[in-house]
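Working notes for the structure below.
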Amino acid sequence: MSSRFVSSDPTAKYHGILQAARQMLQEEGPTAFWKGHIPAQLLSVGYGAVQFLSFEMLTKLVHKASMRDPRDFSVHFACGGLSACVATLTVHPVDVLRTRFAAQGEPRVYKTLRDAVTTMYRTEGPLVFYKGLHPTLIAIFPYAGFQFSFYNSLKHMYEWVIPGEGKKNGNFKNLLCGSGAGVISKTLTYPLDLFKKRLQVRGFEQARVTFGQVRSYKGLMDCAKQVLREEGAQGFFKGLSPSLLKAALSTGFVFFWYEFFCDLFHHMKKADS
Numbered sequence: 001m002s003s004r005f006v007s008s009d010p011t012a013k014y015h016g017i018l019q020a021a022r023q024m025l026q027e028e029g030p031t032a033f034w035k036g037h038i039p040a041q042l043l044s045v046g047y048g049a050v051q052f053l054s055f056e057m058l059t060k061l062v063h064k065a066s067m068r069d070p071r072d073f074s075v076h077f078a079c080g081g082l083s084a085c086v087a088t089l090t091v092h093p094v095d096v097l098r099t100r101f102a103a104q105g106e107p108r109v110y111k112t113l114r115d116a117v118t119t120m121y122r123t124e125g126p127l128v129f130y131k132g133l134h135p136t137l138i139a140i141f142p143y144a145g146f147q148f149s150f151y152n153s154l155k156h157m158y159e160w161v162i163p164g165e166g167k168k169n170g171n172f173k174n175l176l177c178g179s180g181a182g183v184i185s186k187t188l189t190y191p192l193d194l195f196k197k198r199l200q201v202r203g204f205e206q207a208r209v210t211f212g213q214v215r216s217y218k219g220l221m222d223c224a225k226q227v228l229r230e231e232g233a234q235g236f237f238k239g240l241s242p243s244l245l246k247a248a249l250s251t252g253f254v255f256f257w258y259e260f261f262c263d264l265f266h267h268m269k270k271a272d273s
């Protein structure tokens, strides 16, 4: 739903989560909430695998190359940010496809994933799959860096506040701290995410006319200036509510399952030895 809030028109079609949900359900049916689901899943699997592999490699490298504690806030921030950039470069074309699928209205411009790839390549050229890469890299570094560093900090805080329970309820702790880290990170970096999404739908304005006026932007700075001039400072946080809900759930479960499988593999390795 957050992709539907990237319109710059003050009288845009969607102006709240519940109103948007009702209107989408009425006009497009329940499948509207799963638009772009297939590329989103491809994105999640590819991005997560590359990001966590890179993060583990980078933290080990820092630990070997320096005396810094690999659990330090700054180490988690730097390694988390760099690993996210590596993952972004790997899967960015899929991210563009996901945004296009979710942002289109009715009638649909792209019927299938294959149709989207061929149509975008034919009409906009190969570079279309890297639209918005510059603001994405700028946005993803601090976002992922804050995710990893705040997740680690919140876990220590949880164990300090509830010393006995903090050690026992590991799964709940990981889910809760992951959700908290996702909300904090998304709030701190949301304007950059907004710019990224608006730049990714450049050249796609005709398919979004029913959502309200869609501006054309020359680049990241031009996008920021237009948003500030036409929508005010609050325009930088348009669509924040659904994004925070998504960030809390997705980040919470990502860290939950990451820690779960790390513990599982650790016990399996221990049992074999």
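Each step along the sequence shown adds one to the number in UniProt numbering, with nothing skipped, and position 125 is 125. We treat Cβ as the ideally placed atom computed from N, Cα and C, and that holds for glycine.
Counting only residues of its own chain and dropping the five nearest sequence neighbours on each side, PRO135 has a CB closer than 7 Å to the CB of LEU192, PHE195, LYS196, LEU199 and LEU220. CYS85 places its beta carbon 7 Å or farther from that of LEU58. Considering only MET157, SER149 and PRO163, the residue with the shortest C-alpha distance to ILE184 is SER149. Rounded to the nearest angstrom, the Cβ distance from TYR130 to THR119 is 17 Å, too far for a contact under 8 Å. By the Cβ neighbour-count rule, ILE162 is exposed, with fewer than 16 other Cβ atoms within 10 Å of its own. The alpha helix (DSSP H) runs lying completely inside the UniProt repeat "Solcar" (71-157) and spanning 4 residues or more are 73-103 and 113-124, given in chain order.
Less than 7 Å divides the Cβ of VAL94 from the Cβ of LEU42. For TYR258, the enclosing alpha helix (DSSP H) begins and ends at 240-272. In this structure, the beta-carbon distance from THR251 to GLY178 falls below 7 Å. CA-to-CA, the gap between ALA102 and LYS60 works out to about 38 Å. In the DSSP assignment, ARG229 falls within the unbroken alpha helix (DSSP H) covering 220-231. Out of ALA116, GLY182, GLU56 and LYS218, the CA that lies nearest to the CA of ARG100 is found in ALA116.
Nearest in C-alpha terms to THR112, of all of GLU27, GLU231 and ARG98, is ARG98. In the DSSP annotation of this structure, the continuous segment of the alpha helix (DSSP H) that includes PHE195 starts and ends at 170-200. Looking at HIS266, HIS267, ALA271 and TYR258, the one whose alpha-carbon comes closest to that of LEU53 is TYR258.
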